[in-house]
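Each residue of the sequence shown is one higher than the one before, starting from 7 at the first, in our numbering. Glycine residues also receive a C-beta, built at the ideal position from the N, C-alpha and C atoms. In this text the structure is predicted, and so the values were computed from the model without any measurement. Structure first, then comments.
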Amino acid sequence: MAETSIYLDEDLKADLDEIAHERSSPGNRVSRSAIIQEAAQEYVDRHRSEEDLGEGDSPGEATAQN
Numbered sequence: 007m008a009e010t011s012i013y014l015d016e017d018l019k020a021d022l023d024e025i026a027h028e029r030s031s032p033g034n035r036v037s038r039s040a041i042i043q044e045a046a047q048e049y050v051d052r053h054r055s056e057e058d059l060g061e062g063d064s065p066g067e068a069t070a071q072n
């Protein structure tokens, strides 16, 4: 896994920490990074799915209809 750095505003960081805390349990800590990785993967998967359905076209671009 490659390391990357991102900048987050304090409110977003706090929200991510809250989600991570809610998902954690004794002996099973969930990190902020894990939440960010999950969100990024879901975004990429959704984007790819939309492209497969033809929904990834640019706004205003005509789509062929039969």
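Residue i versus residue j: straight-line alpha-carbon distance, rounded
i, j, result
"Arg38", "Asp58", "30 Å"
"Asn72", "Glu56", "In this prediction, Asn72 scores a pLDDT of 45, lower than 50, which makes its location untrustworthy; the coordinate-derived value is nonetheless stated afterwards. Rounded to whole angstroms, Asn72 to Glu56 spans 20 Å at the Cα level."
"Ala26", "Asp17", "14 Å"
"Ser30", "Gly60", "38 Å"
"Arg52", "Glu28", "24 Å"
"Ala45", "Asn34", "19 Å"
"Arg6", "Glu9", "It is not possible to answer for residue 6, since the shown part of the chain is limited to 7 through 72."
"Lys19", "Val36", "14 Å"
"Asp21", "Leu14", "11 Å"
9 Å Cβ cutoff met for residue i and residue j
i, j, result
"Ile12", "Ile41", "no"
Simplified DSSP state of residue i, which is helix, strand or coil
i, result
"Ser31", "strand"
"Leu18", "helix"
"Ser55", "helix"
"Asn72", "Only weak support is given to the placement of Asn72: the predicted model assigns it a pLDDT of 45, under 50, and the value that follows is read from those uncertain coordinates. Here Asn72 sits in coil by DSSP."
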